[in-house]
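A quick write-up on the structure given underneath.
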Amino acid sequence: MLSIASIMLNDHDLTALLEAMLVRELGGRYDWDNRERFGGRLIRPVIVLSESGAHLGRWDSATRTLEISRALAFDRPWLEVTSVLEHEMAHQFVDEVLRVRGETAHGETFRRVCAERGIDHRAAGAPTAASAAEGADTDRVIDRIRKLLALAGSPNQHEAEIAMRKAHELMLRHNIEVAAARAERSYEVRHLGDPTRRGTRVESEIAALLSELFFVKVIRVPVYVPRTGKSGLVYEIAGTHANVEMASHVWAFLLATAERLWAENRHDARVRSGRDRLVYQSGVIGGFRDKLLAERTGLKQTGLVWLGDRDLDRFYRARHPHMTTRRHHVRINGAHAAGREAGRTVVLHKPVERGGSAASGPRLLRG
């Protein structure tokens, strides 16, 4: 098969080729969603790229056309593109399979179809749905955690450790209380990682840490990069807005911290060569995990025990009906031990960037 890099094209021809590849990719994604989320009950319509600035996506029943904004597809993350595609497929399902005609475009039936399949029912790009009340509560939690993490940046090691432990306790207590209240919650997803480069074992171990200790579900998913015509892999995290915000912060913090500690300690006698870099950094993540698990054990004695979030489990399974689990083995040597030792001293800090619960940008999907 020819790749873009193997042929000479002018700008016009390159654009046409990339658009053709994009439409083919959207068709493949449509088929996957139809099979996995809709039981194969949809009949594929004509999928076209739209120039309209009035909407990001649109299902046209009369012409059996599913439109995706060209600007959205080329300028926004693939997660937002596929969210719009799924949204419009839900409209098609209500229209052609359920044949519901008497409701508004985003009425009760449409919302139920989306909820059963882990699809964003709102008229906005990325799959997230927080009510105003829930969003206000979420922002308050994030503000409190942000302040504690700012204190955790103190040069006084004792003060920093106390602040991090309090932030950890606050996260745990908040999630336990919300789960116990059995209140209706909404969840969002976010992608972490760079699809244009190969992932590392360090990233996979951070992802596992987030799933274990930061109240989110994590899975590695394929994404498409329309501007290059290539595919890659990223991590998708799912959870409440506050937990997704926190997990995203921890992801970036640990990647930067592992790199910093490697630069500071690569001349440790236990490090044999530069090839030990990922082994050392893997140890850093393991050491930080040891530290958090010790704190979690201590918090159990105060009655704070996390039993999980069944609603999030359902949301996650709806988004990913068929999942496979893979295991990888970590090489343990002197470099890994050195990294683990350094990881046990890491203090999670730096403020979480402020971000409201409402989605940014106009709500431009059309039924």
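This note's numbering puts the first residue of the sequence shown at 40, with every later residue one more than the last. C-beta: ideal position from N, C-alpha, C; glycine also. A quick note: this is a predicted structure, and the numbers were derived from the prediction, not measured.
Residue i: buried (16+ other C-beta within 10 angstroms of its C-beta) or exposed?
i, result
"R156", "buried"
"D315", "buried"
"L332", "exposed"
"S270", "exposed"
"P265", "buried"
"D114", "exposed"
"T336", "exposed"
"P360", "exposed"
"I82", "exposed"
"Q196", "exposed"
What span of residues does the beta strand (DSSP E) with residue i cover, start to end?
i, result
"L272", "269 to 278"
In three-state terms, what does DSSP make of residue i?
i, result
"R356", "helix"
"H224", "Residue identity differs from the one stated: residue 224 is Arg in this sequence, not His. Reduced to three states, the DSSP call for R224 is coil."
"I371", "coil"
"H388", "coil"
"I211", "Reading off the sequence shown, one finds Leu at residue 211, where the question assumed Ile. Three-state result, L211: helix."
"R299", "helix"
"V289", "helix"
"R349", "helix"
"R379", "helix"
"L343", "coil"
Over the uninterrupted alpha helix (DSSP H) stretch that includes residue i, give me the two end residues.
i, result
"R316", "316 to 339"
"R309", "Segment: none, R309 is in no alpha helix (DSSP H) and carries neither H nor E."
"V260", "Unbroken run through V260 is the beta strand (DSSP E), 256 to 264; no alpha helix (DSSP H)."
"S193", "Segment: none, S193 is in no alpha helix (DSSP H) and carries neither H nor E."
"R237", "First-last for R237: undefined, no H or E at that position."
How about residue i and residue j: do their beta carbons lie closer than 8 angstroms?
i, j, result
"I107", "G92", "no"
"A129", "I158", "yes"
"I245", "L293", "yes"
"V257", "L249", "yes"
"W71", "Y263", "no"
Could you tell me whether the Cβ of residue i comes closer than 8 angstroms to any Cβ of chain D?
i, result
"S243", "Absent from the structure is chain D; it holds one protein chain and no more."
Task: Segments assigned beta strand (DSSP E), at least 3 residues, entirely inside the region 43 to 114 - done: 85 to 89, 96 to 99, 104 to 108
Task: alpha helix (DSSP H) runs contained entirely in the region 109 to 162, provided each spans 4 or more residues - done: Counting only unbroken stretches of 4 or more residues, the alpha helix (DSSP H) elements lying wholly within the region 109 to 162 are 109 to 114, 117 to 131, 147 to 156, in sequence order.
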